[in-house]
Amino acid sequence: MALPNPIRTFLTKVEVLKDLEAKVQELMAQHEAKRPLWFPSDLLGPKPGDDPDAHYAALRTRARGIPDPARAALALNMLTEEGLPHFHRLLATHLGDDSHWQAWNHLWTAEEDRHGVILHDYLHEARIVNQRHLEAMQFDYLRAGFTPDWDKDPYRVFAYTTLQERATQQSHGETGRLIGQYEPLLGEVLANVAGEEARHFTFYRTIFAEILARDPNEALVSAAHILPSIEMPGHTMPGFRDLADVIRRAGIYGPRDYLRIVQEQLRYWKIDALEGLNAAGRKAQEKILGIPERLARIADYIESKSKAKTFNFEVVFNREFAME
Ligand SMILES: [Fe+2]
Ligand SMILES: [Fe+2]
Numbered sequence: 092m093a094l095p096n097p098i099r100t101f102l103t104k105v106e107v108l109k110d111l112e113a114k115v116q117e118l119m120a121q122h123e124a125k126r127p128l129w130f131p132s133d134l135l136g137p138k139p140g141d142d143p144d145a146h147y148a149a150l151r152t153r154a155r156g157i158p159d160p161a162r163a164a165l166a167l168n169m170l171t172e173e174g175l176p177h178f179h180r181l182l183a184t185h186l187g188d189d190s191h192w193q194a195w196n197h198l199w200t201a202e203e204d205r206h207g208v209i210l211h212d213y214l215h216e217a218r219i220v221n222q223r224h225l226e227a228m229q230f231d232y233l234r235a236g237f238t239p240d241w242d243k244d245p246y247r248v249f250a251y252t253t254l255q256e257r258a259t260q261q262s263h264g265e266t267g268r269l270i271g272q273y274e275p276l277l278g279e280v281l282a283n284v285a286g287e288e289a290r291h292f293t294f295y296r297t298i299f300a301e302i303l304a305r306d307p308n309e310a311l312v313s314a315a316h317i318l319p320s321i322e323m324p325g326h327t328m329p330g331f332r333d334l335a336d337v338i339r340r341a342g343i344y345g346p347r348d349y350l351r352i353v354q355e356q357l358r359y360w361k362i363d364a365l366e367g368l369n370a371a372g373r374k375a376q377e378k379i380l381g382i383p384e385r386l387a388r389i390a391d392y393i394e395s396k397s398k399a400k401t402f403n404f405e406v407v408f409n410r411e412f413a414m415e
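Counting in this note's numbering, the sequence shown runs from 92 upward without gaps.
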């Protein structure tokens, strides 16, 4: 990393975003060239010439084998995706409503919208959850709003979205692996969704790397706010914590995975090698480098306290199931 450029210290965050517009355009072109544009009907519906009734009847038969913890995971994954209006708003608010940033927000939103739709459509066809209850949870989730403490700071958006895309990639991917043995069609759906999250992750972490190169001190201060934990918009909803606990116990996603994701970004962004920082930048760098140790302690604590437990969720017909 070069010594601090005195000009950089005068760049505002808005100017850095402006400076990145050509990069956004380039990354968007790369992203669109790489991603297959599927629609929910392509993955869920009958193949041309197949009988739709027989197709959906077979889907329902297979879906009956999906165990309750995996159904709970599907419900939480769907709710997370349906938080899209919260995230669209945050991107529009923090990145501005013009330029290539707006174009990215629109493209990203259009892609993300299919994730919630395909999960909703699958669950509706398969009849493996209490659909009305899930829809009521979604209503509450959206109605509650989501106003994280980001202080009009666009850099925090990219730190958050980098981690969140990686976390959702893992969650969909692992849920798909778990379910694929019972219902290969849904396994394939989730693998496609996870693949798209991975491409979004690549976009956001590249943008954050570009910000670090232009404005390392402020970028570190912003990252130090986000990296200790990423809260999902619904974390205060009744039952949300238990759903997250089931997902951890099922080996889909938990604090140890979050630790791994943070470590991966610290390596990719070469946080420990950044030099020529000012006092605030150095302080933030030190704080960030201490985060993995803290996350490891949290993961150890949660795992050591964890005892076999029974769960029941209205969204999974209030059936009781036990988990280690
Ligand atoms: Fe998504
Ligand atoms: Fe995504």
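Ideal placement from N, C-alpha and C gives every residue a C-beta, glycine not left out.
Cβ distance (whole Å) where residue i is taken to contact residue j below 8 Å
i	j	result
Gly325	Gly174	7 Å
Val337	Pro143	The pair is not a contact, with the Cβ atoms about 33 Å apart (cut-off 8 Å).
Ala250	Ser320	Contact flag wrong, Cβ pair sits at about 12 Å.
Glu256	Tyr295	6 Å
Leu198	Trp192	So it is not a contact: roughly 11 Å between Cβ atoms.
Leu380	Asp391	19 Å between Cβ atoms; not a contact.
Ala217	Arg151	6 Å
Glu202	Glu287	6 Å
Thr266	Asn403	Contact flag wrong, Cβ pair sits at about 20 Å.
Leu108	Pro245	6 Å
Ile317	Leu111	In fact, because the Cβ distance is near 18 Å, the residues do not count as touching under 8 Å.
Val220	Pro131	Val220 to Pro131, Cβ: 17 Å. No contact.
Thr401	Phe412	7 Å
Lys104	Glu301	Their Cβ separation, rounded to whole angstroms, is 13 Å, which puts Lys104 and Glu301 out of contact at 8 Å.
Option in the options with minimal Cα separation from residue i
i	options	result
Thr252	Ile352, Leu102, Gly381 and Ala148	Ile352
Glu117	Trp195, Tyr232 and His177	Trp195
Asp333	Lys125, Ala163, Ala145 and Val220	Ala163
Phe331	Thr259, Thr171 and Tyr147	Thr171
Lys125	Ala113, Glu226, Thr293 and Ala154	Thr293
His211	Ala201, Gln376 and Gln229	Gln229
Glu394	Trp129, Thr103 and Asp348	Asp348
Pro268	Pro127, Ile157 and Met414	Position check: residue 268 holds Arg in this sequence, whereas Pro was assumed. Measuring from the Cα of Arg268, the nearest candidate turns out to be Ile157.
Leu165	Lys396, His263, His146 and Ala149	His263
Asp133	Lys361, Val284 and Ser397	Val284
Lys378	Leu357, Ser397, Gly367 and Glu322	Leu357
Leu281	Glu322, Trp129 and Ser190	Trp129
Ile382	Lys398, Leu311, Ser397 and Ile343	Leu311
Leu135	His177, His206, Leu254 and Met119	His206
Reduced DSSP category for residue i - H, G, I as helix; E, B as strand; rest coil
i	result
Leu94	Residue placement at Leu94 is poorly supported in this model, since its pLDDT is 48, which falls under 50; the coordinates still yield a value, given next. DSSP places Leu94 in coil when its eight states are reduced to three.
Lys400	strand
Phe408	coil
Met228	helix
Ala148	helix
Met414	strand
Asn196	helix
Val220	coil
Asp336	helix
Phe249	helix
Asp348	helix
Phe130	coil
Gln354	helix
Lys361	coil
Met169	helix
Tyr213	helix
Tyr392	helix
Ile379	helix
Met119	helix
Arg155	coil
Asp110	helix
Ser190	helix
Ala341	coil
Ala282	helix
Original post:
So, do the stretch 231-242 and the stretch 267-278 have three or more beta carbon pairs nearer to each other than 8 Å?
Top reply: By the C-beta criterion, the stretch 231-242 is judged not to be in contact with the stretch 267-278, since fewer than 3 inter-stretch pairs fall below 8 Å.
**OP:** Would you check if there are 3 or more beta carbon pairs closer than 8 Å linking the stretch 293-309 to the stretch 166-185?
**Re:** No, the stretch 293-309 does not touch the stretch 166-185.
Original post:
Any contact of the stretch 381-389 with the stretch 364-371, i.e. 3+ C-beta pairs under 8 Å?
Top reply: No, the stretch 381-389 is not in contact with the stretch 364-371.
Original post:
Going along the chain, which residues put their C-beta within less than 5 Å of some heavy atom in ligand 2?
Top reply: My final list is Glu256, Glu288 and His291.
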